[in-house]
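Residue numbers (our numbering): 27 to 304.
We treat Cβ as the ideally placed atom computed from N, Cα and C, and that holds for glycine.
Note that the structure is a prediction, hence the values are computed from the model and not measured.
Okay, so here's the structure we're looking at.
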């Protein structure tokens, strides 16, 4: 695996690239970097794919613009389109988790010709999320806290990310969070995703999806209800497949259940290939 800096949409992103073959894009969420995909980068590149895993703007070694409005969903979407252009990727299999899933849904809505198929981990279609009811609103209580500049930062930074520590899938992930947020402005950049896009859950009118989608949700996700993923089927104009991960698997299913997730994603991406490539 190599890492390189790529200019896109007015900023520079750090991008991990591994393998050769049909392109697969991996988009992480809060509070991760591309390293949350460490198991999938290896599995997919070994399976014959060119894996492209950026640090999203504000994270890792990518640039972090200071203004809240620089993290709006259209800007985040255009970062990825520009990244694909810079790498001469006309079309890719897209895999997202958390905020990476939300960005993925918007890519499917606004640039469906660039996405062969989309695997959404944890986060369903934004309209399904917006209409998921009181259960989802209760689970997402932290999003209201994240709207408070300074207060949210202080609470999260207290005790070297003490509030986030119980959520980490393993020590390596926690160390990555701590290293990322130890840098000035990085925690605020991550919280700006929530602040710049607070209107999204209040607007349940969204375009239907014309790209095949695999939705994967884990039964012990503390932040997301099953219906916001399962009910994404109502907003599809292309095939939608739902897969539930049972057992004691939380939000970071790609780390906690890596072997099963790797198989699901490898099989799903392979469906886009011709028999000669398989």
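| Asked | Found |
| --- | --- |
| Three-way DSSP call (helix, strand, coil) for residue 60 in this model | helix |
| Top-ranked residue by Cα proximity to residue 62, from 294, 74, 82 and 245 | 82 |
| Close-in-space but distant-in-sequence residues of the same chain around residue 97 (CB under 6 Å, 5 per side omitted) | 218, 219 and 222 |
| Span of the beta strand (DSSP E) around residue 118 | 118-123 |
| CB of residue 13 within 8 Å of CB of residue 189, strictly | Any answer about residue 13 is impossible in this case: the structure gives the chain only from 27 up to 304. |
| Assigned exposure category for residue 255 - 16 Cβ within 10 Å defines buried | buried |
| Residues bridged to residue 235 (per DSSP) | 262 |
| Residue 46 (DSSP reduced to helix, strand or coil) | coil |
| Classification of residue 203 by the beta-carbon crowding that lies within 10 angstroms, buried from 16 upward | buried |
| Where residue 87 sits in the DSSP three-state scheme | coil |
| Nearest residue (CA-CA) to residue 232, options 132, 127 and 184 | 132 |
| Contacting residues, own chain, Cβ-Cβ under 6 Å from residue 47 (five flanking each side not counted) | 74, 75 and 76 |
| Closest Cα partner of residue 285 within the set 32, 31 and 66 | 66 |
| Inter-residue Cα distance where the pair is residue 56 and residue 70 | 22 Å |
| Buried versus exposed call for residue 118 [16 or more other C-beta atoms within 10 Å across all chains shown] | buried |
| Sequence-distant residues of its chain with Cβ nearer than 6 Å to residue 258 (five each side left out) | 150, 151, 154 and 241 |
| The region 167-176 contacting the region 280-294, beta-carbon criterion three pairs below 8 Å | no |
| Residue 247 vs residue 273 beta-carbon contact at 8 Å | no |
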